[in-house]
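Under my numbering, residue 146 is the last one in the sequence shown; the count climbs by one each step, no gaps.
We put the CB at the ideal spot given by N, CA and C, even for glycine.
Keep in mind it's a predicted model, so treat the numbers as computed, not measured.
Okay, so here's the structure we're looking at.
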Amino acid sequence: MKQDNLDKTYMNMARELSKLSHAKRRKVGCLIVKDTHIIAEGINGTPRGFDNNCEFVDHVDHFYTKPEVLHAESNAITKLARSTNSSQGSTLYVTCCPCFGCAKLIIQSGIVRVVYDEEYSKGDGLSLLERAGIIISQICL
């Protein structure tokens, strides 16, 4: 019961954080939590020093994500790598389930649990996390 309340609280925080993203197509927020302490956060967006425009529009007004845009999970994990904290044994909360590339980073970083809200168009990230023994939970708020 206590973990359910914590999960909902952290997921709500990740959702609020996602609102800071400059992306137009999909705003994603992520928190990495260890022993009830937030040790990293991230939103989808461009790398440091780039403008905050995440998409470009083609000649028929379709939006496309720029290739340099970082996903919220990779942004949080790389911020954590620059700190003195360790993600070993932590939980990652993200508003959209991880893609395949982010799943690889999650596995390598020692995160043991992923809690997500929305489905992603491809489920290959979740499949990879399951194969690695990562505990996965979906919380739809």
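Cys107 by DSSP, collapsed to three states: which one? In the structure shown, Cys107 sits in a helix (DSSP, three-state: H, G or I).
Shortest alpha-carbon distance to Glu46 belongs to which of Gln143, Asn57, Gly106 and Arg87? Measuring C-alpha to C-alpha distances from Glu46 to each of Gln143, Asn57, Gly106 and Arg87 identifies Arg87 as the nearest.
Bounding residues of the alpha helix (DSSP H) (the contiguous stretch that carries Gly34): Note, Gly34: premise wrong, no alpha helix (DSSP H); beta strand (DSSP E) at Gly34 to Lys39.
Helix, strand or coil at Ile43 according to DSSP, with G and I counted as helix: Reduced to three states, the DSSP call for Ile43 is strand.
What is the DSSP secondary structure of Gln113, reduced to helix, strand or coil? When DSSP states are grouped into helix, strand and coil, Gln113 belongs to the helix group.
Gly54 to Ile141 span [Cα, whole Å]: Using only the alpha carbons, I get a separation of about 34 Å.
Exposed or buried, what is Gly128 when buried is set at 16 or more other beta-carbons lying within 10 Å of its beta-carbon? Gly128 is exposed by the Cβ-count criterion.
Mind the definition here: the region 59-67 touches the region 88-103 only if three or more C-beta pairs lie below 8 Å; say whether that holds. These segments do not touch.
Measure the CB-CB distance between Val74 and Thr51 and report whether it falls below 7 Å. Yes, they are a contact pair.
Do Ala77 and Cys104 have their C-beta atoms closer together than 7 Å? Contact check for Ala77 against Cys104 fails: the beta carbons are separated by 7 Å or more.
Helix, strand or coil, according to DSSP, for Arg118 in the structure here? Residue state, collapsed to three classes: strand.
Where Gly138 falls, given that 16 or more other Cβ within 10 Å makes a residue buried: Counting Cβ neighbours within 10 Å, Gly138 comes out exposed, since fewer than 16 surround it.
State the start and end residues of the unbroken beta strand (DSSP E) segment that holds Gln143. DSSP places Gln143 in the uninterrupted beta strand (DSSP E) bounded by Ile140 to Gln143.
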